[in-house]
Each structure stands twice: as C-alpha cells, then as structure tokens.
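> Sharing a structure here in structure tokens format.
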Amino acid sequence: MIRFLTHRTLQGIVLILIVSMIGFTVINLAPGGPLSQYAMTPGMSQQDLDRIAHQMGLDRPIPVQYLDWLVNMVSGDWGKSYRDQSPVLDVVWRHMWATLLLMGTSTAIAVALGTLIGVLGALKRYSVFDYMATVGAMIALSIPTFWFGLVAIFFFSLELGWLPAGNMYTVGDQSFSDYAIHLIMPSIVLALVNVAIWSRYMRASTLDVMDQDYVRTARAKGLPRWRIVSAHIVRNALIPMITLAGLQLPTIIGGALVTETVFTWPGLGRLFIDSLGYNDYPVIMGLLMFSAILTVIGNFLADIGVALADPRIRLG
Amino acid sequence: MTAIPDPATRTRFAIFRGPRVRKFMRHRLAMIGLLTIIFLTLACFFGPYLLPYDELYIDLRARFSPPLTGSHILGTDPLGRDIAARLFSAGQISLTVGFTAMVLSTLIGTVIGVVAGYFGGWSRIGLMRIVDAFLSFPSIFLMLTLAAFLKPSPTMITLIIAVTSWMEVARIVEAEVRGQSSRDFTAAARMVGAPHWWIMGREILPNVIGPIIVAATLTVARAILLEAYISFLGYGIQPPLPSWGNMLNNAQQYLDSAPWLAIVPGVAITLAVTSFNFIGDGLRDALDARSVQ
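So the sequences go chain by chain: D and W.
For what it's worth, the numbering used here labels the leading residue of the first sequence as 262, then goes sequentially.
For what it's worth, the numbering used here labels the leading residue of the second sequence as 116, then goes sequentially.
Right, here's the structure in full:
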C-alpha cells in the first residue's frame, strides 16, 4: 500500500510537472507574451514596457522564470490576476464551487442513467432496446455539447418557458429550489456524452460478469432473478466503472467548460474563457494546473476506490 | 476458415480482401454514414456552384430571412449573407481541417506507437508516459490556450487539433505492435539482418493497419467536433472565413429571433460526426481479425 501511494504520488507529480512546462512554454513563447496587453496601450513607450517587464520579472530567461513560478506555486502563491490583482488561488477557489456543483450533479445523472441503460442493454442483449441504446449512444457522442445546450435552451426556455436559459440563480432569490431549477438544464446537457460512454462500458462490463461462475452458482441456487441482477451482476459490473469515472474526468472538465459558456454558469470554465479574452496569464496558468491536479487526484481516488470495492485487487 | 495465410499476400495488406469489404457493406449504419459523408462532401465542394449567392455576398435587405422564404433556401444571417452558401464553404473548411488533422495525428500516433511497441523497454515507458500525460489532461484547455496565443489560421487550428489528438492512435498501435514484435516473422526478419525501420514499416505495420484505419476514422469525427468547439468559443477559424463551428459563434444571441442560425450548422456537424462514427464502427466490425471466418 505504501509503495503504491508513493509510486502514484510520484507519477502524479511528474504528470503535473509536464503539464506545467507545456503550459508555461506556450504562454511565454506566444507572440507578445504576457506583455502583449500593455503593448497595445497608446502612449506606451518601449522603455515603459521594459520597466514593466523588469518589475514582473519577465526579462529573465524562461527556465528561470519557470523555476521561480514553480517554487511560488508549490508554496501556495499562484501569482496575481492581471485583471483585478487578486491572488489566483482565491479566484480559482471562488469559481470552483459552481463547477463542482455542476460536475457532481451531472456525473450523478450520468452514472444513474448510464448504469440503467447499460445493464438493461446487457440483460436484453440484441433486443430492440439494446440496438436503440447502441445507436443512441453513438449519436449522443456525435452531438456537440454546446449545440445540444443551444437546442435545449431554444425548446425549454424560449419556446416552452419551463426553465431559465442561464446563470446559477436569480438575483434576489437564492433559495434551494432556485438553484435546483437553474441546475437542471446544464447538468443534463453536460451528462449526455457521459451517459453514452458510461452505458457502453456498463453494458460490456455487465456482459463480462454475466458469464462468471458465481452468477451461474447464484442461478443454480435458485435465487430470484432480481436478486441475481442486483446483488451479483450489477454490483460486480460496477467495479471497473470506478476506474472509468477517474479516466472520464478530463472529458467532464472539458465538457463543463463549454456548458458553462453556453449557460453563463459562473464556474471555472467561464473563468478560463474570460481569462483568455483578457490575456490574464496567471489565471490561465492556474486553471491549467488546477485541472491537471484535479485529474491526478480523481484517478488516484478511482484506484483506491477499486481496491476498496474489490477485495481481489491489492494495491502494490 | 482460411488456413495459414499465404506469406506472399500477408504483407500486401491482406485486410482489404473480399470478405471484409462485404462485411462492411452489410453494416447498414456504416453504409448510411458513408453515403451521408459522400453526399455532404459533394454538396460542400460542388453545392456553391448551384447557388445564386456566394458566402460573402451581403444582402442587407434580406437580413434574418427564415429558411425557405424567397431566394435564400436556408435563410440568411444577421448580415444578410446566404446561409446555404456559408454552410457549404464552411463545410469545405471543417471537413478539410478534420481530414487533415486526422492524417497528421494518425501519422504521429502511428510512429510513436510503432516505435514504443517495437523497441519496448525504456523507450516504451518514456513514450507511453507522455501519452498518459496528454490523455489525462483536459485537452480543450490546452487547445484553447494554444489557439488563443497562436495565430488561428486554418492550418494552425489543424496542427493544434492534431497535436492534441494523436494519443488514442498511439495507444492502440502500441498495444498491437507489442503483440506482433514477438511473432516468428519479426524474429525471422531480424535474423536475416533486416534494419529496424524495414521490420517496423514492412513487416509489422501491414499487420496492424486495421486498427489504425478504425482509429483514424474515429479521429476525423473527433477533429470535426474539436474544430467546432474552438471555433464556437471564438478561438478557432476566424470570420469572415466560415466554419461550421464559427457559424454557431453568434447564434446564441439570436436564438429567440432566428433559431435557424443555430439549427442549420449544428445539424451539419452532428450529421458529419455521426456518419464518421458509424463508418468507424462498421470498419471495426469488418476489420476485426477475429470476426471474419
């Protein structure tokens, strides 16, 4: 267990380092670099630019800047937003909850629906339902998330007027039901792709489990069908899904980015798009790091979860 | 049941022989997908010649015409430009970007996968770690950062998509090659003194071409989607050049008054991506070595 923990921690650190190097290089090698914003200000002379560059430490070689940034990041100083000078970590923290709420709700929907569709598809293999679920999943994977969001807004907000078209709450009314009503559409839109992926894997996993000896034993014992399905098949079929949940994290984060943009959801994805528009380099870098760290932690928890759920798997 | 494959035909891409083609043709959805793609491609590249307007012509008096009214078949956009004309020329760009990005990322993925799988050892560990790093990262963040800071021409967008979507191919190829490099014909080639590149290119590659084709088809679907995502967010193909993604860029603000602005390009994207996914699925069924008797 200790070997596993150290091994995975090291792996995670290496991964985060690689991501940070790629991100840092891209941002700093871009034409104009972090100074491009100032360069566009009228009346800004080259001397002023040099002075600002010196103040911000941008006149040093990139590897030096990177090491400096890295040391600061590890010690909890992620720099200051160019937009309002507030610390990046604070900005990320402020926007994180909205994203976690959206991602959590959406994942719960995806897991519930995906499991149901996957298990039913496997139990009624090659039935009309199974066929429809397969084709449906492929179509769902082909619809751009943002477009699905637009179509949903068109029907449910503009035509039918049932749901709000965006934002996380109504100003002045921040009750639970208000949040819930605002959450419905974005979380379902974000869940679509994951329902498709989850149901496909769940179907395959269920089919694997159905061939196992212990299922045959349970059947031979004369257990009722629903007991076999719920206690023996589904429970065991869910175990590999824990790993999948970890692996799907980047997809969900990426999906959250566009979903938040379409539904003006005040989360990290919107923050990222806004920061790109403002050339807010420290925040962009901070968000790159945050998503990498989140992914590493997610995969790590998934591995531990699998080991907890399946006594045959030992971490080591 | 075919007996041991004839050694003379083995390296000549035996995978394209009769039964597999027939199997693919029997896959109904894949055939629908193939026909749709052929239709879409023809429409996008030859459709513009049939229309009275080009994609940049501004007809201010006909702004916001709904589809099927007057001479604009699919309506007009906020500037009065013909949506059908824009859809077709956008399709040329989106399909070209998708296809070229597929070729590039398949090349990168294949080379890395073959090298990692063939040499094994440290080169495998090193290369596959890089693959893991790229895979475990929300590539849309990286793509948007790249697109925002580099000049977003169609070529640049193609490169960015290729650079962030070669990992699946690399993984598949690596796994396939690892199985092949311990086979007898590889050992035989090595024994007669064939150089590494020859063994990789002429002995191993033809045997793993099936999975590569499947992965490549699915990559086209993915690349078209990715282009749509970054262009929708405003960092992809830049106006006045139309692409399916950037046609949707401003559609949200007119959703109430002119919903066709959002619906028309979205349907085109979904149609193209679904078709490529169906074709990929059909190819997987047809090219899977175990499934052909």
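Every residue, glycine too, gets a C-beta built ideally from N, C-alpha and C.
As the structure is a computational prediction, the values presented were derived from the model and not from experiment.
1. Within the 7 Å Cβ cut-off, does N364 of chain W reach chain D?
2. Of all Cβ atoms in chain W, is any one closer than 7 Å to the Cβ of M399 of chain D?
3. Assess contact between the stretch 325–338 of chain D and the stretch 271–289 of chain D, defined as three or more Cβ pairs (one per stretch) separated by less than 8 Å. Is contact present?
4. For V212 of chain W, which residues of its own chain have a beta-carbon under 8 Å away from its beta-carbon, when the five flanking residues on both sides are left out?
5. Relative to chain D, which residues along the stretch 392–403 of chain W have a C-beta separation below 7 Å, given in chain order?
6. Count the other CB atoms within 10 Å of the CB of M262 of chain D; is the residue buried (16 or more) or exposed (fewer)?
7. With 7 Å set as the bound, which would you pick, yes or no: does the beta-carbon of D564 of chain D sit closer than that to a beta-carbon of chain W?
8. So, is V325 of chain D buried or exposed, given that buried needs 16 or more other C-beta atoms within 10 angstroms?
9. On the DSSP letters alone, give me the boundaries of the alpha helix (DSSP H) that W526 of chain D sits inside.
10. Run down chain W in chain order and give the residues with a C-beta less than 7 Å from the C-beta of T522 of chain D.
11. Can you tell me whether DSSP reads D472 of chain D as helix, strand or coil?
12. Would you mind telling me which residues of chain W sit closer than 7 Å to A553 of chain D, beta carbon to beta carbon, in chain order?
13. Should A199 of chain W and M362 of chain W be called a contact, given that it needs their Cβ atoms to be closer than 7 Å?
14. Measuring CB to CB, does I152 of chain W end up less than 7 Å from S372 of chain W?
15. Give the secondary structure of D169 of chain W by DSSP, where H, G and I count as helix, E and B as strand, and everything else as coil.
16. What is the rounded straight-line gap between the Cα of L529 of chain D and the Cα of L518 of chain D?
17. Could you pull out every unbroken alpha helix (DSSP H) segment of at least 4 residues lying fully inside the stretch 497–522 of chain D, listed in chain order?
18. If I measure Cβ to Cβ from R125 of chain W and keep anything under 8 Å in the same chain, skipping five residues before and after, which residues do I get?
19. Out of curiosity, what's the CA-to-CA distance linking I545 of chain D and A465 of chain D?
20. Closest to W339 of chain D by C-alpha separation, out of D:D571, D:L562 and D:L549, would be which residue?
21. Using beta carbons (cut-off 7 Å, strictly below), is P501 of chain D in contact with chain W?
22. Taking Cβ positions only, does I410 of chain W come closer than 7 Å to chain D?
23. So, for T332 of chain W: in the same chain, excluding its five sequence neighbours on each side, which residues have a beta-carbon less than 7 Å away from its beta-carbon?
24. Counting only Cβ pairs nearer than 7 Å, list the residues of chain D close to P374 of chain W.
25. Quick test of your reading: L171 of chain W and R196 of chain W, contact by CB under 8 Å. State the CB separation rounded to the nearest angstrom.
26. Between G316 of chain W and W281 of chain W, which are expected to be in contact by the criterion C-beta below 8 Å, what is the C-beta distance as a whole number of angstroms?
27. By Cβ distance below 7 Å, which residues in the same chain neighbour I449 of chain D in space, the five residues on each side in sequence not counted?
28. Between which two residues does the alpha helix (DSSP H) holding A304 of chain W run?
29. Go through the stretch 165–252 of chain W residue by residue and report every complete run of the alpha helix (DSSP H) that reaches 4 residues or more, in order.
30. Taking 7 Å as the threshold (beta carbon to beta carbon), is A248 of chain W in contact with chain D?
31. Apply the 10 Å Cβ neighbour rule to F252 of chain W and answer buried if 16 or more other Cβ atoms are within range, or exposed otherwise.
Answer, in terms of the structure:
1. no
2. yes
3. yes
4. P269, I272, T273, I276, A338, I339, E342, I352 and S358
5. N392, F393 and D396
6. exposed
7. no
8. exposed
9. No alpha helix (DSSP H) contains W526 of chain D, which DSSP labels as neither H nor E.
10. L348
11. coil
12. F252
13. no
14. no
15. coil
16. 7 Å
17. 500–508
18. Any answer about R125 of chain W is weak, because its pLDDT of 48 lies below 50 and its placement is not dependable; what the coordinates show is given next. Taken in chain order, the residues that qualify are F300, P321 and N322.
19. 39 Å
20. D:L549
21. no
22. No information on residue 410 of chain W is available, as it lies outside the stretch 116 to 408 that chain W covers here.
23. F391, I394, G395 and L398
24. F415
25. 7 Å
26. About 18 Å; that fails the 8 Å criterion.
27. I370
28. D299 to M306
29. 198–234 and 236–250
30. yes
31. buried
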